[in-house]
Amino acid sequence: MSFSISATEYSQFKQKLEQYSGIMLGENKEYLITSRLRRLLESEKLTTLSELTIAMDRNLKLKGLVIDAMTTNETLWFRDDHPFKIFSEKLLPELAKTRRPLKIWSAACSTGQEPYSLSIAIEEFKRKNPGALMGDVKIIATDISPTALAIAKEGVYPQLALKRGMGDVHLKKYFTQQSDDAWKINDDIKRRIEFRPLNLQTSYSMLGKFDIVFCRNVLIYFSADFKLDILKRIHGTLNNDGHLFVGASEAVNNLSDFYKMQQFNPGISYQAKPIAAGSR
Numbered sequence: 658m659s660f661s662i663s664a665t666e667y668s669q670f671k672q673k674l675e676q677y678s679g680i681m682l683g684e685n686k687e688y689l690i691t692s693r694l695r696r697l698l699e700s701e702k703l704t705t706l707s708e709l710t711i712a713m714d715r716n717l718k719l720k721g722l723v724i725d726a727m728t729t730n731e732t733l734w735f736r737d738d739h740p741f742k743i744f745s746e747k748l749l750p751e752l753a754k755t756r757r758p759l760k761i762w763s764a765a766c767s768t769g770q771e772p773y774s775l776s777i778a779i780e781e782f783k784r785k786n787p788g789a790l791m792g793d794v795k796i797i798a799t800d801i802s803p804t805a806l807a808i809a810k811e812g813v814y815p816q817l818a819l820k821r822g823m824g825d826v827h828l829k830k831y832f833t834q835q836s837d838d839a840w841k842i843n844d845d846i847k848r849r850i851e852f853r854p855l856n857l858q859t860s861y862s863m864l865g866k867f868d869i870v871f872c873r874n875v876l877i878y879f880s881a882d883f884k885l886d887i888l889k890r891i892h893g894t895l896n897n898d899g900h901l902f903v904g905a906s907e908a909v910n911n912l913s914d915f916y917k918m919q920q921f922n923p924g925i926s927y928q929a930k931p932i933a934a935g936s937r
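The sequence shown runs 658 to 937 under my numbering.
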């Protein structure tokens, strides 16, 4: 099946996608739509993008399938390296001194590489520092994509996915080989992670409070206003002096009342400031 997309159809679909998911398509991205939605149009017996856009309003399942198809699930193990070193070498030692349970949020966790990387880092810290982490450590991992979350929950990865940042030492220590091309994350790493569906447009109040939030490599897909809204609401989930990590190509701008940048050389985090009443 082949279909063309008019400028009007593209504009209408862009608006609808942003309305439902926050994802903002740039100009001249029609090729993404044709490559990612072709099979869905065929299965739903729709012939134009306009038909699909209209159908999304009255079919919740279809809306979810479209969002799922248009979500970018590109991710790595220990992506960008510096945030994980800061987490392991700077933040965990300080948080361990509190002797209380710790809670971490991996927002837009995709297929699970980030929360599993964090859990591996926690396990490594515990092995190097016996008894240092007296309280439990819980990771809440969320994503809008049901397909990505299903992969994350299963915790089984092919060799190709593991080559994207997973070293042989960690692979042998924290995974069990199930076949020539399937490795399963071990239960001691998996047990501290809870995977949940979440659209970042919705409320975060049910998630509770966190010591650290990783919201990385997702803000680039949103408008400036929506990004600002997300960062303000993430601040509301952070404990006093909690830390936020964003992607290497992302920044927390125009929010000096909410966050202060912490330089670790290399790498940075954004530490939550207390907010006076009415500042939000």
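For each residue, glycine too, the CB sits at the ideal point set by N, CA and C. These numbers come from a predicted model, not from an experiment.
Counting only runs that start and end inside the stretch 722 to 809, the beta strand (DSSP E) elements of at least 3 residues fall at 759 to 764 and 794 to 800. The beta carbon of L694 sits closer than 8 Å to the beta carbons of L706, L709, V723, A726 and M727 from its chain, once the five residues preceding and following it are set aside; these are given in chain order. Secondary structure at S836: strand, using DSSP grouped into helix, strand and coil. The three-state secondary structure of I869, taken from DSSP, is strand.
Taken atom to atom, the span from the alpha-carbon of F782 to that of Q672 is near 45 Å. In this chain, the alpha helix (DSSP H) harbouring A712 covers L706 to R715. Per DSSP, the unbroken alpha helix (DSSP H) holding K671 starts and ends at A664 to S678. A direct Cα-Cα distance of roughly 35 Å separates L682 from P931. Across the structure, K718 and L697 are spaced so that their CA atoms are roughly 12 Å apart. Counting along the chain, L901 sits inside the beta strand (DSSP E) bounded by residues L895 to F902. Per DSSP, reduced to three states, the secondary structure at Q816 is helical. For D793, same chain residues with a beta-carbon under 6 Å away, outside a window of 5 residues either side, are P758 in chain order.
When the alpha-carbon of A809 is set against those of S763, D914, S668 and R784, the nearest one is in S763.
Straight across, the Cα-Cα distance linking I690 with Q669 is about 13 Å. Nearest to R890 by alpha-carbon distance, out of T704, M863, E751 and P923, is M863. Here the alpha carbons of Y861 and N730 stand approximately 22 Å from one another. As computed with DSSP, Q920 is found in a beta bridge with I925. Here K785 is exposed: its Cβ has fewer than 16 other Cβ atoms, across all protein chains shown, within 10 Å. Fewer than three Cβ pairs drawn from the stretch 865 to 879 and the stretch 811 to 831 lie within less than 8 Å of each other, which leaves the two stretches out of contact. Counted as a single uninterrupted DSSP element, the stretch harbouring F915 is not any alpha helix (DSSP H), since DSSP gives it neither H nor E. A664 counts as exposed, since fewer than 16 other C-beta atoms from the protein chains shown sit within 10 angstroms of its C-beta. Going by beta carbons, P772 and I796 fall inside the 7 Å limit.
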